[in-house]
Structure formats: C-alpha cells, structure tokens
Amino acid sequence: LFLFHQEVVSEESEEESNGVNLMEFSDEILLHILSYVPCTDLVLNVRRTCRKLATLCLDKSLTHTVLLQKDYKVNKDKVKQLMRDIGKEIYQLNMAGCYWLPSSTIDHVTRCKNLVKLNLSGCHVTSLRLSKMLSSLQHLRSLAIDVNPGFDASQLSSECKATLSRVSELKQTLYTPSYGVVPCCTSLEKLLLYFEILDRSREGFMLSGQLMVGESNVPHYQNLRIFYARLAPGYVNQEVVRLYLAVLSDRTPENLHAFLISAPGSFAETGATKNLLDSMARNVRLDALQLPKAWINGSGLLQHLKFNNPFYFSFSRCTLSGGHLIQRVINGGKDLKSLTSLNLSGCVHCLAPESLFRKAEDDIDSSILESLVVSCCNLRHLNLSAAHHHSSESIGNHLCQLLSRLKHLLSLALPVCSITDVGASVEKPPSTPNLVPQTFGRKVRIGVQTYPRNLGDQTNQKIESSVFWALMGSLRFLETLEIIGSSFSSAMPRNEPAIRNSLPPCARAQSVGDSEVAAISQLTYLQSLTLAQLPNILTGSGLVSIGLQCQHLRTLSLANLGMMGKVVYMSALMDMLKHCKCLRDLRLEQPYFCAGAQFFQALSHCSSLQRLCIVSRSGTLQSDAVMSFMASCLEVIMCHMFMGESLTVCRNLQQSIVRSFQAERPALNVVIFPLLHEDLTEVIRDVPMRHLDEITLFKSRVAEEPPNLWW
1 LFLFHQEVVS EESEEESNGV NLMEFSDEIL LHILSYVPCT DLVLNVRRTC RKLATLCLDK
61 SLTHTVLLQK DYKVNKDKVK QLMRDIGKEI YQLNMAGCYW LPSSTIDHVT RCKNLVKLNL
121 SGCHVTSLRL SKMLSSLQHL RSLAIDVNPG FDASQLSSEC KATLSRVSEL KQTLYTPSYG
181 VVPCCTSLEK LLLYFEILDR SREGFMLSGQ LMVGESNVPH YQNLRIFYAR LAPGYVNQEV
241 VRLYLAVLSD RTPENLHAFL ISAPGSFAET GATKNLLDSM ARNVRLDALQ LPKAWINGSG
301 LLQHLKFNNP FYFSFSRCTL SGGHLIQRVI NGGKDLKSLT SLNLSGCVHC LAPESLFRKA
361 EDDIDSSILE SLVVSCCNLR HLNLSAAHHH SSESIGNHLC QLLSRLKHLL SLALPVCSIT
421 DVGASVEKPP STPNLVPQTF GRKVRIGVQT YPRNLGDQTN QKIESSVFWA LMGSLRFLET
481 LEIIGSSFSS AMPRNEPAIR NSLPPCARAQ SVGDSEVAAI SQLTYLQSLT LAQLPNILTG
541 SGLVSIGLQC QHLRTLSLAN LGMMGKVVYM SALMDMLKHC KCLRDLRLEQ PYFCAGAQFF
601 QALSHCSSLQ RLCIVSRSGT LQSDAVMSFM ASCLEVIMCH MFMGESLTVC RNLQQSIVRS
661 FQAERPALNV VIFPLLHEDL TEVIRDVPMR HLDEITLFKS RVAEEPPNLW W
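Just so you know, we're using full-length UniProt numbering here: the sequence shown kicks off at 1 and counts up by one.
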C-alpha cells in the first residue's frame with residue numbers, strides 16, 4: 001500500500017522516468033489492484049490522492065463488502081469516518097474479532113441502512129446498544145453476535161425484534177447460559193452456536209446451565225437448514241446445548257441438510273437426543289454430519305441416516321472402524337465426488353476392517369484407504385491426525401502413495417508415524433552429542449547450533465526416493481499441512497493446569513526428522529504449516545529449505561521437535577525466519593527455549609509478523625530483546641509468552657510493552673506469564689477469543705469445520 005500510495009502521489013505532478021504510470025491502466029485493472037487494499041485505507045487515504053482514484057475508491061465493487069476483522073490498525077475514529085463517508089453503500093460489514101474497539105463504536109453502524117450481513121463476533125455489544133442498532137437495519141438477513149453476562153432479551157425493542165424476525169442466518173457465541181436472540185429469529189435457516197461458558201465464575205462459584213429468568217421462549221427451527229454447535233470443555237456448555245436441542249427433538253425441520261455438533265470429551269446421549277436422531281433418520285437427507293463420539297460409538301445410527309450429496313463428514317475421536325466407514329458411509333465404494341472435507345482425527349480404527357481385537361499400533365488395511373481415495377476423489381480437506389496409521393510392507397500400498405492420488409487437496413493433517421518409510425522405521429536414529437533422553441528435561445546451555453547448509457548427494461538421493469517426498473511432490477497446490485505426533489499433547493490445554501510431562505513418540509515416528517521436513521519445501525503455495533513431535537530432528541536443516549522455497553507461508557507452528565532437553569534446531573530456525581517475509585503468525589512450543597537477542601533479531605526479518613506465541617516449560621527470555629523486537633516489528637499486535645520466568649519478570653515485561661506500544665497499536669494484546677503458575681487458567685480466560693482459538697491454543701485445524709461455514 002505504501003508503494004502504491006507513493007506512486008499515485010507522484011502521478012499528480014509527473015510520470016516517473018523509470019516507472020509505469022498506474023493511471024494509464026484500465027479501470028478494471030485498477031479496481032482489481034485496489035481490492036487488495038483495506039477499505040479504511042481506500043476511503044480515508046488513497047481516494048484523496050487524485051480525482052481518478054477518488055471515483056474508483058468509491059466504486060460499488062469496493063464498498064459493497066467492508067472487512068475490518070483483521071484490520072488491526074482501525075480505531076473508533078476511523079470507523080466513525082468510514083461509516084459517515086460510505087455507510088449507505090455498505091451491504092456486508094465484518095467486524096469480527098475487533099475486541100479493541102469500545103462498545104460505543106457500534107453506534108455508528110446505524111448509518112449502514114442497507115446492511116444485509118453483519119458480523120460483530122468478538123465485539124463488545126450490550127443489549128441496549130444491540131436493540132438500538134438493529135432497529136435501524138431493516139434489510140438485515142445475516143447476523144453474528146456474542147451473548148455476554150448481563151445480556152437481557154427483555155431490553156430489545158419491538159423494532160429490533162422485527163428486524164430479528166427477518167434474519168435467516170445467525171451465529172451466536174455464548175459466554176453465559178442464554179437463548180440470546182434465537183427466540184426472536186422466527187425465520188432461521190442457518191444457526192451456528194459457539195458455547196464458551198465457563199463452569200466457574202471469576203469468584204470461584206459453580207455456574208448452572210439453567211437459563212436465566214425470562215428466557216423461556218422457544219426457538220423457532222421450522223425453516224432450519226443448517227444447525228451447528230461447537231462446545232468448549234465444561235459440563236455447563238453441555239447442559240445449555242441440550243436446551244437448544246430439546247426443541248429439535250420434538251419436531252425435526254423437514255429441510256434440515258446439515259447437522260453438526262462438535263463436543264470435546266464425553267457428551268452422553270439422552271432420550272431426547274436419541275429421539276432427535278431417530279427422527280432425522282426417518283425424515284431428512286443430510287449433506288453434512290458431525291456428532292459427539294458417544295452418539296456414534298456402538299450404535300447403528302450411520303446405517304439408518306440418509307445422505308443426499310454430502311460435502312462434509314466429521315467422525316473425530318470416534319471408534320468407527322474402517323469396515324463400518326466403507327459400508328455405512330461410503331456404501332461399499334459408492335461414488336462420493338461431492339465430498340470435499342473429511343475429518344477422521346483421533347479415529348484410531350478408521351483404516352482397519354474392525355476394531356474389536358485390533359491394537360491401535362497395528363498396520364492399516366490399505367484396501368480401505370484405497371476405497372476411500374477412489375470414492376472421494378475430490379477431497380480438498382482431509383484430517384487423519386491423532387492416530388497410529390502404520391503402513392504395511394506391501395509395495396505400492398503405503399498411505400503416502402495412496403494419498404498422492406488426491407490431486408485436489410488443499411489441506412492435509414497426518415500423524416508423524418504415517419509418513420515414514422516402512423524400512424526406515426526399524427533403523428536406529430543417528431546418535432548426536434549431548435543426547436538427552438526424551439522423557440527427561442535437564443537444562444542445557446544453549447549455543448548456536450551448526451547444521452549442514454546443503455545435504456550431500458547420497459542424502460538427497462535417499463530423501464527423494466521416500467514415499468513422503470513423492471507425496472509432497474504430487475500435492476503441488478497444498479496450502480495447509482499438519483504433521484503431528486499421534487501422542488502429542490500441548491503443554492497448555494484450555495481449562496486445566498499446564499501439562500508437565502508428555503507421552504513419548506510412537507516407535508514408528510523415531511526416524512522422522514530433517515529429511516522429511518526438507519521434503520515439505522516442494523509445496524510452493526504452502527500458507528500454513530504445523531510440525532509437532534518429530535523426534536529425529538537433529539539440526540532443523542529442512543526448515544531453511546522451507547523458508548527459502550515456501551514464500552507464501554503465513555502461519556508457522558512448531559512444537560517439541562527433536563530432543564526435549566535441548567533446542568537443537570535454533571540456528572536453523574533463525575536462518576529460516578530471515579526468509580519468511582509473509583509470515584504473520586508464529587507459534588513455538590518447546591521446553592528450554594531461549595528467547596534471546598539472536599532469536600528476536602532473526603525474527604525481526606519477518607516484517608509482516610502480527611502474532612507471536614511461545615510456550616516453553618523452563619524457557620527463558622531477555623526482556624530488552626523483546627522490547628527491541630516490538631519496536632522494530634511495527635505490525636505485531638499479539639505477544640503471548642508462557643515461559644519459565646518468575647511472575648515478577650513476566651509482569652514487568654508485559655507492563656513495559658503495553659505502556660510503550662499500546663497507543664500506537666490499538667489492538668495490542670500482551671500476555672506474558674509463567675507457564676506452570678496456578679493462575680494460568682484465569683489469565684487465559686481474558687485472552688480475546690480470536691487469538692485464543694487461532695494461535696494460542698494448539699489444535700488440529702484441518703477440516704475442523706465445514707468449508708465456508710461462515711463468511
């Protein structure tokens with residue numbers, strides 16, 4: 001934007017002797033270029049540079065949809081001016097995750113009289129403000145809001161309820177037991193519910209899942225086509241979602257074609273939910289399905305449900321066997337070209353014919369995977385993580401070889417043990433000096449590691465003949481890749497104390513290391529990469545190849561690479577970061593990580609970096625290095641560090657960062673806290689949901705939700 005702005009300003013006076021006059025481009029080309037510029041910059045800055053741009057910047061193609069959800073530089077005054085200038089031209093407004101804007105900012109949305117879609121998830125909105133705003137938005141059909149403690153539906157005016165009665169799409173994030181505005185939305189066709197209610201209040205009192213007084217109105221589901229519910233851990237969330245489901249169990253909507261419930265842990269089936277599922281089996285044909293594992297395990301439900309043209313299935317953490325998967329879902333190899341997203345994360349027996357007498361570490365049945373690949377040839381998103389998928393020694397039947405047929409894949413999640421060559425898995429990994437056992441964590445002096453910049457010819461030949469190298473070479477358009485150890489668990493779970501010890505990696509995974517990481521560098525269009533629990537990382541040399549070749553990389557998450565007592569890949573990581581000009585999100589989880597001057601100096605080369613999260617048991621940091629990094633990387637708006645430093649050191653650094661940079665960066669969110677401190681969960685609850693869900697908490701995100709679930 002800066003270069004474009006400078007070029008345009010120069011056009012007012014004279015054409016640059018060695019440049020191209022942008023104003024000579026056609027309007028169509030200029031509009032395409034301008035579509036990549038944030039709307040606030042277009043309206044408040046670029047359009048003031050010349051008469052031609054003043055007209056183009058107000059073109060309907062640029063003002064019809066305004067996206068502020070990751071415009072971290074926007075503030076209340078900019079929003080006010082933006083709404084004043086083009087409010088009547090805005091039909092879709094996305095302010096999701098703008099947690100830094102004061103609640104009074106919402107008042108200016110009333111200028112957008114023609115709004116059809118509005119996303120305010122993560123924004124501070126009171127009942128009265130919501131009522132006032134919605135009363136003036138008579139054309140609204142799609143709405144996303146948060147329901148916080150203190151929400152009172154009785155404060156909604158009749159004009160507001162009239163607007164809600166016309167809303168057909170609602171996304172509601174609940175932080176308190178409530179129906180929110182659901183009873184007012186009598187024309188609902190799509191309902192997305194996110195349950196983020198904590199079991200205890202800040203004062204330590206246990207919360208109840210009963211709805212508040214005055215919230216006995218019944219939701220209207222008769223026109224519902226899509227029902228989606230995602231639950232955070234906790235029994236209160238389960239109690240509240242049952243109240244939402246009770247109405248569905250009485251009468252299942254005839255047009256329902258997507259029914260999805262994502263619930264961690266155990267979510268028991270009740271008589272009401274069984275009636276609901278029985279009714280669905282009799283009356284509807286689904287295109288998307290996700291159910292809690294307890295509702296599927298041991299039942300014949302899948303045999304009775306009917307599907308039309310399914311595009312999304314999630315059987316995450318279910319004990320579904322491969323035999324049942326093929327017979328009941330794919331109907332013995334039925335053509336499922338419509339299926340674009342499949343989540344089998346934690347489905348440990350999904351590639352085996354039966355699960356009764358099978359051990360989780362036994363070899364997979366390649367014929368099941370082959371049937372899956374042939375039937376679902378248009379898959380774009382596939383998650384096979386959190387399970388042991390061990391290939392047999394049969395030639396041509398390795399998991400990587402079969403997956404290479406899925407040429408349309410855009411995102412893929414695999415367990416580490418699934419990518420190793422069968423012969424290599426029995427070889428003993430090379431030994432290195434200062435080897436520290438995986439299960440112990442003694443503090444080691446961290447120095448600059450040396451690693452080979454170029455692999456030898458013999459090593460190159462070995463790498464390029466591996467099945468994983470061939471898989472990466474065949475998936476040229478892959479944008480998201482996750483390679484996660486089947487026994488990996490993050491040191492920082494959601495609502496529990498930090499985990500001190502992790503399970504050792506699978507025996508098959510012991511040989512996976514630098515060469516496999518180097519193979520990933522073939523993915524030219526890679527945008528997001530997650531590597532967790534790769535035990536045979538010796539130098540991290542493959543990371544450098546990725547930094548050089550994957551120039552579109554925006555998100556990088558590394559966790560527990562190599563030996564646990566020593567960060568063996570530090571030098572390679574620093575070298576890699578110097579090439580990551582597009583990197584926006586970086587998450588590092590590694591015991592004994594030293595966040596010092598050299599690391600932050602290398603990280604400063606990532607000029608586009610916006611969010612940084614470091615999780616390190618017994619890790620250390622240098623406060624002055626962090627401050628220098630924050631001063632040099634002007635785009636950074638999130639800095640989360642959970643280390644081994646004392647509470648005093650953490651608090652002082654956090655206060656210094658906020659005091660020095662908050663004024664210039666309104667969206668700045670800083671959390672620096674001891675990882676093993678007993679109050680960690682209380683600190684976590686104050687982190688904005690956007691950051692917590694997208695980067696701070698570790699999880700597999702491939703096929704987590706249906707594609708394009710919300711805009």
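Note that CB positions come from ideal geometry on N, CA and C, so glycine has one too.
**Prompt:** Can you name the residues that DSSP bridges to Arg285?
**Reply:** The residue given as residue 285 occupies position 285 in the sequence shown. DSSP output for Arg285 lists Lys306 as bridge partner(s).
**Asked** Which residue comes first and which comes last in the beta strand (DSSP E) that contains Thr480?
**Response** The count along the sequence shown starts at 1 and reaches residue 480 at position 480. First-last of the beta strand (DSSP E) with Thr480: 480 to 484.
**Request:** Measure how close the beta-carbons of Arg251 and Tyr194 come, nearest whole angstrom, since I'm counting them as under 8 Å.
**Result:** Along the sequence shown, read from residue 1 onward, the residue named residue 251 stands at position 251. Along the sequence shown, read from residue 1 onward, the residue named residue 194 stands at position 194. Contact check for Arg251 and Tyr194: beta-carbon distance about 24 Å, past the 8 Å limit, so the pair fails to qualify.
**Asked** Is the number of C-beta pairs between the region 691 to 703 and the region 575 to 589 that are closer than 8 Å three or more?
**Response** The region 691 to 703 makes contact with the region 575 to 589, as at least three CB pairs between them are under 8 Å.
**Prompt:** Hey, out of Val517, Leu245, Glu196, whose CA is closest to Ser545's CA?
**Reply:** By 1-based counting over the sequence shown, the position of residue 545 is 545. Selected option, being the one with the closest Cα: Val517.
**Segments assigned alpha helix (DSSP H), at least 4 residues, entirely inside the region 97 to 157** = Runs of the alpha helix (DSSP H) inside the region 97 to 157: 127 to 135.
**Item:** Sequence-distant residues of its chain with Cβ nearer than 6 Å to Asn343 (five each side left out)
**Value:** Taking the first residue of the sequence shown as 1, we reach residue 343 at position 343. Taking Asn343 as the centre and dropping the five residues before and after it, the same chain places the C-beta of Ser314, Ser316, Asn383, Ala703 closer than 6 Å to its C-beta, in chain order.
**Item:** C-alpha gap between Leu44 and Ile145, whole angstroms
**Value:** By one-based count along the sequence shown, residue 44 stands at place 44. By one-based count along the sequence shown, residue 145 stands at place 145. About 27 Å.
**Request:** Please report how far the alpha carbon of Gln438 lies from the alpha carbon of Lys337, in whole angstroms.
**Result:** Indexing the sequence shown from 1 puts residue 438 at position 438. Indexing the sequence shown from 1 puts residue 337 at position 337. Here Gln438 scores only 44 on pLDDT, less than 50, and its place in the model is too uncertain to base an answer on.
**Request:** Hey, could you find the ends of the alpha helix (DSSP H) Lys293 is sitting in?
**Result:** Position 293 of the sequence shown, counted from the start, is the residue given in the question as residue 293. Taken as a continuous stretch (DSSP letters only), the alpha helix (DSSP H) holding Lys293 covers 293 to 296.
**Request:** Tell me, please, which residues DSSP counts as bridged to Ile395.
**Result:** Position 395 of the sequence shown, counted from the first residue, corresponds to residue 395. According to DSSP, Ile395 bridges with nothing at all.
**Message:** Using the Cβ count rule (16 or more neighbours within 10 Å means buried), how would you classify Gln655?
**Reply:** Locating residue 655 in the sequence shown gives position 655, counting from the first residue. Note on Gln655: under 16 other CB atoms within 10 angstroms of its CB, so exposed under the neighbour-count rule.
**Message:** Taking only three categories from DSSP, how would you classify Val448?
**Reply:** Position 448 of the sequence shown holds residue 448. The predicted model places Val448 with a pLDDT of 43, which falls under 50 and marks its position as unreliable, so this point remains unresolved.
**Asked** Closest to Lys407 by CA distance: which of Arg476, Ser521, Arg51 is it?
**Response** For this step, residue 407 is matched to residue 407 along the sequence shown. With distances taken between Cα atoms, Lys407 lies closest to Arg476.
**Prompt:** Any idea what DSSP makes of Arg51, helix, strand or coil?
**Reply:** Here residue 51 is taken as the residue at index 51 of the sequence shown, counted from 1. For Arg51, the secondary structure class from DSSP, reduced to helix, strand or coil, is helix.
**Beta-carbon contacts of Tyr312 that lie in its chain and below 6 Å, excluding the five residues immediately before and after** = On the sequence shown, position 312 is the one that residue 312 refers to. So the list reads Ala288, Ser341, Pro706, once near-sequence residues are dropped.
**Request:** Specify whether the region 537 to 553 and the region 562 to 573 touch according to this definition: at least 3 beta carbon pairs, one from each stretch, less than 8 Å apart.
**Result:** The region 537 to 553, when compared against the region 562 to 573, does touch it at the 8 Å Cβ threshold.
**Prompt:** In whole angstroms, what is the alpha-carbon distance linking Val626 and Leu531?
**Reply:** Looking up residue 626 in the sequence shown gives position 626. Looking up residue 531 in the sequence shown gives position 531. Those two C-alpha atoms are separated by around 25 Å.
**Asked** From the DSSP output, which residues share a beta bridge with Pro674?
**Response** As a first step, residue 674 must be located in the sequence shown, where it is residue number 674. In DSSP, Pro674 forms a bridge with Met643.
**Cβ pair Val74, Thr40 closer than 8 Å** = As a working mapping, residue 74 is identified with position 74 in the sequence shown. As a working mapping, residue 40 is identified with position 40 in the sequence shown. In contact: Val74 and Thr40 (Cβ atoms closer than 8 Å).
**Asked** Using 8 Å as the threshold, is the region 369 to 379 in touch with the region 295 to 308, meaning 3 or more CB pairs across them?
**Response** No, they do not touch.
**Request:** Answer with buried or exposed for Arg611, where buried requires no fewer than 16 other C-beta atoms within 10 angstroms of its C-beta.
**Result:** Counting from 1 along the sequence shown, the entry for residue 611 is found at position 611. Arg611 is buried by the Cβ-count criterion.
**Prompt:** Relative to the alpha-carbon of Pro505, which residue among His220, Pro415, Ala54, Gln138 has its alpha-carbon at the smallest distance?
**Reply:** Reading the sequence shown from its first residue, position 505 is the one you call residue 505. Across the set His220, Pro415, Ala54, Gln138, the C-alpha of Pro415 shows the shortest separation from the C-alpha of Pro505.
**Request:** Measure from the alpha carbon of Ser571 to the alpha carbon of each residue in Gln601, Leu556, Pro219, Arg285, then state which is nearest.
**Result:** As a position in the sequence shown, residue 571 is number 571, starting the count at 1. Here the closest residue by C-alpha is Gln601.
**Asked** Taking the DSSP output, what are the residues bridged to residue 751?
**Response** Lying before the first or after the last residue shown, residue 751 is absent from the chain, which here runs from 1 to 711.
**Prompt:** If you count every other CB in all the chains shown that lies within 10 Å of the CB of Asn708, and 16 or more means buried, which is it?
**Reply:** Indexing the sequence shown from 1 puts residue 708 at position 708. Per the 10 Å Cβ criterion, exposed.
**Prompt:** Where does Lys578 sit, in a helix, a strand or coil, going by DSSP?
**Reply:** Translated into the one-based positions of the sequence shown, residue 578 becomes position 578. If DSSP states are grouped into helix, strand and coil, Lys578 belongs with coil.
**Item:** Minimum C-alpha distance to Met95 - residue among Gly122, Gly513, Arg111
**Value:** By 1-based counting over the sequence shown, the position of residue 95 is 95. Met95 has its Cα closest to that of Gly122, out of Gly122, Gly513, Arg111.
**Request:** Mind checking who Gly513 pairs with in its DSSP beta bridge?
**Result:** Here residue 513 corresponds to residue number 513 of the sequence shown, with the count starting at 1. Asn536, per the DSSP bridge assignment.
**Asked** Straight-line CA distance for Met133 to Lys60?
**Response** Translated into the one-based positions of the sequence shown, residue 133 becomes position 133. Translated into the one-based positions of the sequence shown, residue 60 becomes position 60. Their backbone Cα atoms lie some 23 Å apart in a straight line.
**Message:** In this structure, how does DSSP classify Gln549 when only helix, strand and coil are distinguished?
**Reply:** For this step, residue 549 is matched to residue 549 along the sequence shown. If DSSP states are grouped into helix, strand and coil, Gln549 belongs with the helices.
**Asked** When we look at the beta-carbon of Pro149 and count the other beta-carbons within 10 Å, is it buried (16 or more) or exposed?
**Response** Taking the first residue of the sequence shown as position 1, residue 149 is located at position 149. Exposed: under 16 other Cβ atoms inside 10 Å.
**Request:** Please report the residue range of the alpha helix (DSSP H) in which Lys190 lies.
**Result:** Position 190 of the sequence shown holds residue 190. Counted as a single uninterrupted DSSP element, the stretch harbouring Lys190 is not any alpha helix (DSSP H) but the beta strand (DSSP E) occupying residues 190 to 195.
**Message:** Would Leu101 and Val79 qualify as a contact pair, given that the criterion is a beta-carbon distance under 8 Å?
**Reply:** Position 101 of the sequence shown, counted from the start, is the residue given in the question as residue 101. Position 79 of the sequence shown, counted from the start, is the residue given in the question as residue 79. With contacts defined as CB atoms closer than 8 Å, Leu101 and Val79 qualify as a contacting pair.
**Prompt:** Between the region 517 to 529 and the region 490 to 497, are three or more C-beta pairs nearer than 8 Å?
**Reply:** Segments in contact, no.
**Asked** Taking C-beta to C-beta, are Ser623 and Leu653 nearer than 8 Å?
**Response** Looking up residue 623 in the sequence shown gives position 623. Looking up residue 653 in the sequence shown gives position 653. The answer is yes: Cβ separation under 8 Å.
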